[in-house]
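The structure under discussion appears below in the form of structure tokens.
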Amino acid sequence: MRLAFTLPPPPRGVEGLSLSDAVNLFLHYLEASGANPKTVKVYRAALRSFEEFAGSERPVGSLGREDYVAWSALISRKVARGEVSRATAHYYTIMVRKFFKWLGLGEDLSALPLGPRRFKGVLSWRDVEALLAASKDLYDALIVALLAETGMRASEMLSLTFEDVDLSRGVARVRGKYGKERIVVLGPMSRMLLAEAAALSGGRGRVIPLSYKAVYKRLKKLAERAGVDPKRVRPHVLRHTFATEALRRGMSLSALQKILGHSSLRITQLYLHLSDEDVVREYNRAFSGTTAHSLGGEIPSPQAQSLQPALPPYGGIPQYQPASFYQHPYQAPPPHQGPWQPARLRREAYQPQAP
Numbered sequence: 000m001r002l003a004f005t006l007p008p009p010p011r012g013v014e015g016l017s018l019s020d021a022v023n024l025f026l027h028y029l030e031a032s033g034a035n036p037k038t039v040k041v042y043r044a045a046l047r048s049f050e051e052f053a054g055s056e057r058p059v060g061s062l063g064r065e066d067y068v069a070w071s072a073l074i075s076r077k078v079a080r081g082e083v084s085r086a087t088a089h090y091y092t093i094m095v096r097k098f099f100k101w102l103g104l105g106e107d108l109s110a111l112p113l114g115p116r117r118f119k120g121v122l123s124w125r126d127v128e129a130l131l132a133a134s135k136d137l138y139d140a141l142i143v144a145l146l147a148e149t150g151m152r153a154s155e156m157l158s159l160t161f162e163d164v165d166l167s168r169g170v171a172r173v174r175g176k177y178g179k180e181r182i183v184v185l186g187p188m189s190r191m192l193l194a195e196a197a198a199l200s201g202g203r204g205r206v207i208p209l210s211y212k213a214v215y216k217r218l219k220k221l222a223e224r225a226g227v228d229p230k231r232v233r234p235h236v237l238r239h240t241f242a243t244e245a246l247r248r249g250m251s252l253s254a255l256q257k258i259l260g261h262s263s264l265r266i267t268q269l270y271l272h273l274s275d276e277d278v279v280r281e282y283n284r285a286f287s288g289t290t291a292h293s294l295g296g297e298i299p300s301p302q303a304q305s306l307q308p309a310l311p312p313y314g315g316i317p318q319y320q321p322a323s324f325y326q327h328p329y330q331a332p333p334p335h336q337g338p339w340q341p342a343r344l345r346r347e348a349y350q351p352q353a354p
């Protein structure tokens, strides 16, 4: 979240305003500066929290450092009780601190620490395949494929149009945070499903003409049908799953940073976590073949196959290639009989490469 904005100074006599009026003026300046509406919304929530604590009618001139410290201590206690997340507390204190600085009331106020960030609930690739197999219609499968194979954010997926997609190159242009554009690579399942969606819609309009709430509900129902814990399945978890899987398969951090649209490599590095399965695979990779002989004993042959993801890797030559590809401009996919079945479509569309 971008928190650095250049705001005009407050008007003369701001110290005579009530806290409520000063907050409203600050938010007005923030909107006028071009801040993202979502950012303004979080600022509003943070400042309303402080306003509720200090009193909306309190004159700005009576505020001081002790008010900020007392409020941040209250927020810290809410974190300890589990009422507020550590990340929310961190950003709230940064935002209220910026408000104080704008008013000229404090230059050395401390924000609550963010603490270590961890990505919880990352799915296995088998979970992703189970979600695809449980899809009841094209949108179910397309949502899972786009999020898990490209790593795009849910908001980016929902704003994606067919005009942004180039199936001949296997890429799509997405608009990320703060209006920044980038190119994402489409996986084999995404390309096949996009071709079918384009044929059905005429290749115009939004690829996923749904709301975020509708996508969220679809994923929860998919998880129930697939036998995956619904608490673990959310749109952003599939983005985390893509990033984790890409690193497991050897993608460089710099390439992953560009695909995900991260402004800093430090954010991408948060995905460098190892599961027990990763540790076993790395051990088997290190202590197999000639290494076993050098140790003077036998090491069981690694069960690498059982740990490898079933779908093709994100870098290099895929293990599976489409039997026939839909070239841009869009063409209708080959017809199939009966209800839409993603598992059968996969068997029809992809054939193993010859060794």
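Numbering that gives the first Met the number 0 applies: residue 0 is where the sequence shown begins, and numbers increase by one. Backbone N, C-alpha and C fix where the C-beta goes; we use that ideal spot for every residue, glycine too.
Would you kindly work out how many angstroms separate the C-alpha atoms of residue i and residue j, rounded to a whole number?
i, j, result
"Y313", "A198", "Bear in mind that a pLDDT of 31 at Y313, under 50, signals an unreliable position, so the number given afterwards is only what the model happens to contain. Straight-line Cα distance between these residues: approximately 26 Å."
"L102", "T92", "15 Å"
"G150", "Y138", "17 Å"
"F241", "L73", "38 Å"
"S61", "E14", "8 Å"
"S17", "H27", "15 Å"
"A254", "K179", "17 Å"
"V184", "V170", "5 Å"
"I142", "P58", "50 Å"
"N23", "E223", "44 Å"
"A86", "I258", "24 Å"
"R172", "A144", "16 Å"
"L159", "R11", "46 Å"
"S109", "K40", "22 Å"
"T5", "N35", "14 Å"
"S360", "Q256", "In the structure as shown, the chain begins at 0 and stops at 354. Residue 360 is therefore absent and cannot be evaluated."
"M250", "G186", "14 Å"
"G175", "G33", "16 Å"
"P8", "S84", "32 Å"
"P208", "K37", "21 Å"
"G81", "A213", "28 Å"
"S75", "V68", "10 Å"
"D107", "L29", "22 Å"
"G286", "R125", "Checking the sequence, you will find Phe at residue 286 rather than Gly. Near 26 Å, if we compare the C-alpha coordinates of R125 and F286."
"V227", "R247", "21 Å"
"A196", "R205", "10 Å"
"D163", "S200", "15 Å"
"K216", "R181", "28 Å"
"D136", "A31", "43 Å"
Once you ignore the five residues that flank residue i on each side, which residues in its own chain have a CB closer than 7 Å to its CB?
i, result
"F49", "W70, V95"
"A147", "V127, L237, T240, F241"
"R203", "F161"
"L294", "Confidence at L294 is low in this model, with a pLDDT of 36, below 50, so the placement of that residue is unreliable and no value is reported for it."
"P229", "K219, A222, E223"
"P112", "H89"
"Y42", "L26, L29, M94"
Which residues in the same chain as residue i place their Cβ atom closer than 6 Å to its Cβ, once the five residues preceding and following it in sequence are excluded?
i, result
"G105", "R64, F99"
"L218", "V232"
"D66", "A53"
"L130", "V143, L221, A225"
"V78", "R85, A88"
"L192", "A140, L141, A144"
How would you write the range of the alpha helix (DSSP H) that residue i sits in, first residue to last?
i, result
"V214", "211 to 225"
"R96", "85 to 102"
"L130", "124 to 132"
"D228", "Neither: D228 is in no alpha helix (DSSP H) and is coded neither H nor E."
"L192", "187 to 200"
"P234", "234 to 247"
"I142", "137 to 149"
"M156", "153 to 158"
"I207", "No alpha helix (DSSP H) contains I207, which DSSP labels as neither H nor E."
"H27", "18 to 31"
"S253", "252 to 259"
Mind checking if residue i is an interface residue toward chain D, Cβ cutoff 8 Å exclusive?
i, result
"P208", "Among the protein chains of the structure shown there is no chain D, as only one such chain exists."
What span of residues does the beta strand (DSSP E) with residue i cover, start to end?
i, result
"E180", "180 to 184"
"A171", "170 to 174"
Considering only residues of the same chain and omitting the five flanking positions on each side of residue i, which have a CB-CB separation below 8 Å?
i, result
"S19", "E50, S55, E56"
"L46", "V22, F25, L26, M94, V95, F98"
"Y211", "A153, S154, L157, P234"
"A44", "Y91"
Checklist entry - In chain order, which continuous runs of the alpha helix (DSSP H) of length 4 or greater are located wholly inside the stretch 35 to 87? => result 36 to 53, 64 to 79
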